[in-house]
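Just below is one structure, and these are the notes that go with it.
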Amino acid sequence: MDFVLRILFSGMIAFIPSADQKELNVVLLNTHGYQTSDGTTLPHHQPFLLARAQSCTGSCERRDPAVATFFYSDKSESQALDALEEALAGGAAWQLAGSDISVHKPDASDGCLHPPLWLQSGTRGADANGLRPVPSNGRELSDFSWVTSLDQVSPTLGPLNASVLSAQPPSIVAARLKLDRGKISTYSLVRIDGKVKPLYFRALGATENGPYAQAGANWVMAEIRVPGDAVELISKDFAGGATRTMHLTPLDGVVEVAVLNIPSFEVATAGEIPPTPGPGTHFEEYYQLAQTPPATRPIPHAGTSSDEPAVEWRTLDPDGTLRSELLTRLRIEPGRGIYDRTLCPMIQY
């Protein structure tokens with residue numbers, strides 16, 4: 162028997178593939194105390210791992226008041242605890258801090274996790290001008306290249322600070338997850354005025370956009386096939402100290418996990434179209450991942466032209482096949498989360 166481990170990522174997160182693309186490091190950034198170039202202090206982002214499953218053994222807290230009141234701040238504590246428990250079913254939730262997360266098969270005799278790591282590519286449409294800046298259907302949506310490429314936004318950026326991937330990373334790293342199995346694809350894109358549109362990049366206060374302009378991913382999905390009847394998520398402190406384990410069994414053939422790095426938020430009404438967002442100033446922190454952070458840091462802006470490319474979300478997911486039970490119950494599904502109201506796509510480095 163096989164089942165699917167589906168991991169959904171959103172928030173201040175960088176995807177760092179190895180040179181041979183056989184491994185993918187997923188880095189959650191610590192925003193605490195970071196100031197943007199206009200003097201604004203970023204709100205603290207809280208890293209979480211939440212799993213919806215049939216059952217969990219090990220470190221399996223389902224009624225953590227801090228987690229519950231973060232996601233259900235509009236409810237009483239008892240109501241929030243009940244809502245969180247319903248969202249997780251038999252799974253669990255962790256707050257993350259200085260943690261390396263890994264995925265394991267508890268019984269090796271069942272076979273290996275599969276497929277080998279694959280960053281989905283080759284599905285985007287093109288025309289005489291090159292790759293189209295927005296997708297036209299669900300197949301095009303899935304391409305990993307919608308994840309904003311930091312070195313294309315800033316071609317003189319230079320290499321990654323190697324210590325970001327070291328055993329004891331710098332303080333900018335709040336948590337990490339390493340994958341060497343699974344299909345990695347775009348799950349959702351930033352919407353502006355209710356539609357998927359290109360993001361334009363220029364430094365705060367600048368007037369001229371750079372050449373990089375395309376839709377940006379605000380949710381990424383990893384899908385891993387798991388042989389047998391369970392999968393384990395293991396969290397180990399950077400300092401080599403405490404270890405936690407979730408031993409999870411599938412619910413209706415799936416273990417669904419959300420890895421998030423988001424600030425506190427007010428719950429949006431489902432279907433509500435938020436106002437046009439301002440410049441994504443907190444995007445500036447991504448440049449701190451560079452070995453030599455640049456002085457000029459282009460950030461995403463919404464376009465102003467009435468004839469720019471745009472596509473309705475229902476064109477990309479007409480049958481609702483991308484629905485997530487976990488995200489819907491947490492009330493942060495695509496189109497409703499904090500990063501549908503703020504221009505801050507995730508990046509690849």
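For the sequence shown, position 289 (counting from the first letter as 1) is numbered 450 according to this note's numbering, and the numbering increases by one without interruption. A virtual CB, placed ideally from N, CA and C, is assigned to each residue, including glycine.
If only uninterrupted alpha helix (DSSP H) runs of at least 4 residues are considered, those enclosed by the stretch 196–268 are 226–232 and 238–249.
In this structure, Tyr348 sits near Val381, with a CB-CB distance shorter than 8 Å. A Cβ-Cβ distance of about 6 Å is found for the pair Asp304 and Ser282, placing them in contact under the 8 Å criterion.
One thing to note: His462 has its Cβ within 8 Å of the Cβ of Pro440. In its chain, beyond the 5 residues on either side, Pro424 have a beta carbon closer than 6 Å to the beta carbon of Pro204. Ala383 places its beta carbon 8 Å or farther from that of Trp307.
Leu421 is positioned such that its CB atom lies no closer than 8 Å to that of Ile333. Scanning its chain for C-beta atoms nearer than 7 Å, with the 5 sequence neighbours on each side dropped, one finds around Ala248 the residues Arg213, Leu487, Arg490 and Leu491, in chain order.
In the DSSP assignment, Arg405 falls within the beta strand (DSSP E) that extends over Thr404 to Thr410.
Per DSSP, reduced to three states, the secondary structure at Gly389 is coil, with no helix or strand assignment. Taking the Cα of Asp390 as reference, the smallest distance to any Cα among Ser198, Val416 and Ile460 is reached at Val416. Beta bridge pairing from DSSP links Met382 with Leu169 and Ser346. Between Ala403 and the set Ile395, Leu321 and Glu184, the nearest pair of CA atoms involves Ile395. For Arg337, the enclosing beta strand (DSSP E) has its first and last residue at Val334 to Leu340. Our two residues, Thr230 and Glu427, have alpha carbons roughly 11 Å apart in a direct line. Its Cα nearest to that of Val351, the residue Leu477 stands out among Gln452, Trp279, Leu477 and Pro276. Residue burial annotation: Lys358 is buried, with at least 16 other C-beta atoms found within 10 angstroms of its C-beta. By the CB criterion at 8 Å, Cys221 and Met507 fall outside the cutoff.
At least 8 Å separates the beta-carbon of Ala374 from that of Ile460. Gln509 and Ala328 have their C-alpha atoms some 21 Å from each other.
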